[in-house]
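Residue numbers (our numbering): 5 to 239.
From the three backbone atoms N, C-alpha and C, an ideal C-beta is built for every residue, glycine too.
I have placed the structure first, in the form of structure tokens, so that the comments after it can refer back to it.
Structure, rendered in structure tokens:
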């Protein structure tokens, strides 16, 4: 007898073992015409005790050996095992019983949505969007200000050390802000040839300390001119 179909999967349910069957076109016609209404399983069992060890197959019959659901019954739909697994997963996510059907799941969704819309968020877990945006803006402004100060300090340091001239300050500031590494490479490869621009020229015979008392400065000038402080009034 040719095969009527193939069992693609089995599922254990509280009311028995259900199978997902791929019927042939001819078998489907016979079932729709109610020529066959039942499926009789072929079971393997132990000789002593009759414990079932294996389901070998099943056949279409008019009268089953077991009390089974009719295949042609309009009220019983053999659901795809994958569909039932998906329903079980959804039911678990909704905190329903794993055996909850599609109607129970659909009834629970509006209630869950209503709770989500009216529930107060936990302040320990969520931050208002407006507050988060304000925080990020303040952080960005603070970071930008800090970067400007650092760039200004670094360029000023290079200027006083003689690596750049005052006319190069704007260029150096832009380079240091946009590409700090390139600015540092420039400083490392440049000789501080402009350091003398920020040093006071020393007068021979005068102390280098600009804060020297007036008497010392006058005495140094008089020594160079061959005069004495008492020869004229310097006040």
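As computed with DSSP, residue 14 is found in a beta bridge with 23.
Per DSSP, residue 230 has no beta-bridge partner at all.
The secondary-structure analysis by DSSP pairs residue 166 with nothing; it has no beta-bridge partner.
Sixteen is the threshold: since fewer than 16 other Cβ atoms of the shown chains lie within 10 Å of the Cβ of residue 229, the residue is exposed. Setting aside the 5 residues that flank it on each side, residue 169 is surrounded in the same chain by 198, each with a C-beta closer than 6 Å to its C-beta; the list follows chain order. Within the same chain, and ignoring the five residues on either side of residue 60 in sequence, the residues whose Cβ sits closer than 6 Å to its Cβ are 46, 48.
Annotation: residue 143 to residue 185 spans about 24 Å, alpha carbon to alpha carbon. Beta-bridge analysis with DSSP links residue 34 to no other residue.
Here the alpha carbons of residue 100 and residue 66 stand approximately 39 Å from one another. Between residue 28 and residue 7, the gap from beta carbon to beta carbon is short of 8 Å.
Excluding residues up to 5 positions away in sequence, 25, 26, 27, 28, 31 lie with their Cβ nearer than 7 Å to the Cβ of residue 9 in the same chain. Taken through DSSP and simplified to helix, strand or coil, residue 58 comes out as strand. By the neighbour-count criterion, in which a residue is buried when 16 or more other Cβ atoms sit within 10 angstroms of its Cβ, residue 43 is buried.
For residue 45, the enclosing beta strand (DSSP E) begins and ends at 42-49.
Judged by their CB atoms, residue 196 and residue 165 are nearer to each other than the 8 Å cut-off. DSSP places residue 103 in the coil class of the three-state scheme, outside both helix and strand. Here residue 23 really is in contact with residue 14; their C-beta atoms are around 5 Å apart, less than 8 Å. Under DSSP, residue 65 takes part in a beta bridge, and its partners are 42. Boundaries for residue 98: no alpha helix (DSSP H) harbours it, and the DSSP string shows neither H nor E there. The residues 167, in chain order, have a CB closer than 7 Å to that of residue 194 in the same chain once the five nearest residues on each side in sequence are set aside. Residue 189: member of the alpha helix (DSSP H) spanning 184-192, first to last residue.
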